[in-house]
Structure formats: C-alpha cells, structure tokens
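Take the numbering used here: the final residue in the sequence shown is number 143, and no numbers are missing along the way.
Glycine residues also receive a C-beta, built at the ideal position from the N, C-alpha and C atoms.
Here the structure is laid out as structure tokens; the discussion comes afterwards.
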Amino acid sequence: MERVVFWTVIWAFIWSFIWAICQALILQYVTKWVCKYKPPYGTAFKICLFANIVINIWRLLLGFIADATMAQGGLESNEFILGSIIMRIVIAFSVYVGLCRKMLIAPEGGSIGFGNACLVTLILLTVSLVIAVVLNMALAMRV
C-alpha cells in the first residue's frame with residue numbers, strides 16, 4: 001500500500017511539471033490577449049507549476065480523506081466525488097487568481113488587477129479543460 005501511495009505522489013508531481021510546461025504557454029498567450037502584454041515564460045511557468053502542485057496536494061488529501069471516510073461507511077461515493085470536483089475547481093480558480101495577481105506585473109509596474117486575473121484564469125482553466133478532455137478521449141480511443 002505504501003508503495004502505491006509513493007508512486008501516486010511521484011506521478012502527480014511529474015504530471016504537474018509536464019502540464020505546467022503546456023499551461024505556461026497558454027498563460028502567456030491568454031495574458032497577451034486579455035492584458036495586452038506577454039509575461040516572461042519563466043514567470044508563467046512558476047505560476048502554473050506552483051498552482052499545479054498545490055492542486056495536486058489538495059487532490060491527494062481529498063483522496064486520502066475519501067478512502068478513510070468511505071471505508072467507515074460515512075459517505076456515498078457519488079456525493080463525495082461531486083463535492084471533490086467542485087472543491088478542486090474552486091481551489092484551482094482561487095490559487096490561479098491569487099498567483100496571477102501577485103506574479104503577473106504589468107509593464108506600467110502594477111499588478112494586473114483582480115478582474116483581469118479572474119478573466120485570465122477562467123480562460124486558462126477552460127482551455128486546459130478542453131485540452132485534457134481531448135487528450136483523454138484520444139487515449140481512450142487508442143486503447
């Protein structure tokens with residue numbers, strides 16, 4: 001059991017890194033489209049990597065809580081899965097908005113603002129979701 005948990009954590013961090021590489025490119029272009037400037041790739045990568053790590057830690061914690069709770073008969077699996085998905089979306093949105101507000105500095109010298117950070121995050125997460133769904137469908141059709 002410990003071995004499975006170990007490799008689950010390792011794969012979560014590896015995929016966080018790979019996904020952050022792709023998301024950083026998307027974040028650059030979304031920021032250019034919304035805020036009219038293109039942030040450096042390093043900054044976009046740091047935002048995406050840190051957000052993905054936080055989200056994956058949250059996902060792993062929810063998984064451990066779900067296993068412990070369902071083993072004792074406390075929750076129905078469908079209820080917990082739906083609640084888990086909603087919580088992950090809220091956490092992902094909040095983390096990305098906070099990081100974008102702090103780390104994306106406009107050429108004028110200030111942060112991009114809450115409204116722009118929310119719009120950038122909404123577009124980034126939507127595009128990321130579409131890419132993830134398409135990749136999952138392509139992999140499922142291949143098998």
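key: Rounded straight-line distance, which links the Cα of I89 to that of I10   = As a first step, residue 10 must be located in the sequence shown, where it is residue number 10. As a first step, residue 89 must be located in the sequence shown, where it is residue number 89. Rounded to the nearest angstrom, the two C-alpha atoms are 22 Å apart.
request  = State the Cα-Cα distance for the pair C100 and N136, rounded to the nearest angstrom.
outcome  = To locate residue 100, count along the sequence shown from 1; it is residue 100. To locate residue 136, count along the sequence shown from 1; it is residue 136. Distance between the alpha carbons of C100 and N136 is about 27 Å.
query = To the nearest whole angstrom, what separates the beta carbons of N116 and V30, a pair I think is in contact under 8 Å?
reply = As a working note, residue 116 is residue 116 in the sequence shown. As a working note, residue 30 is residue 30 in the sequence shown. Between V30 and N116 the Cβ distance is about 10 Å, and since that is not below 8 Å, they are no contact.
query = If we ignore side chains and look at the alpha-carbon of each, how far apart do F186 and A140 end up?
reply = No answer is possible for residue 186: it lies beyond the span of the chain, which begins at 1 and ends at 143.
ask   = Can you round the beta-carbon distance between I53 and F13 to whole angstroms, since I take them to be within the 8 Å contact cut?
value = Along the sequence shown, read from residue 1 onward, the residue named residue 53 stands at position 53. Along the sequence shown, read from residue 1 onward, the residue named residue 13 stands at position 13. Contact between I53 and F13 holds: CB atoms are separated by about 7 Å, below the 8 Å threshold.
query = Is the beta carbon of P40 within less than 7 Å of some heavy atom of the ligand NAP?
reply = The model depicted lacks the ligand NAP and carries no ligand whatsoever.
key: Inter-stretch contact at 8 Å, needing at least 3 Cβ pairs: the segment 18 to 25 / the segment 106 to 123   = no
request  = Tell me whether I131 sits in a helix, a strand or coil according to DSSP, three-state version.
outcome  = Within the sequence shown, the letter at position 131 stands for residue 131. Per DSSP, reduced to three states, the secondary structure at I131 is helical.
task = Compare the Cα-Cα distances from L60 to each of P39, K102, S16 and L129 and report the closest residue.
result = As a first step, residue 60 must be located in the sequence shown, where it is residue number 60. Among P39, K102, S16 and L129, the Cα nearest to that of L60 belongs to S16.
task = Output yes if chain B places a C-beta closer than 8 Å to the C-beta of A24; else output no.
result = Included in the structure is just one protein chain, with no chain B present.
I123 in three-state terms, based on DSSP = Your numbering for residue 123 matches position 123 in the sequence shown. In this structure, I123 counts as helix in the three-state DSSP scheme.
Whole-Å CB distance - M87 paired with L62, under 8 Å assumed = Numbered from 1 along the sequence shown, position 87 holds the residue referred to as residue 87. Numbered from 1 along the sequence shown, position 62 holds the residue referred to as residue 62. Right, their Cβ atoms sit about 7 Å apart.
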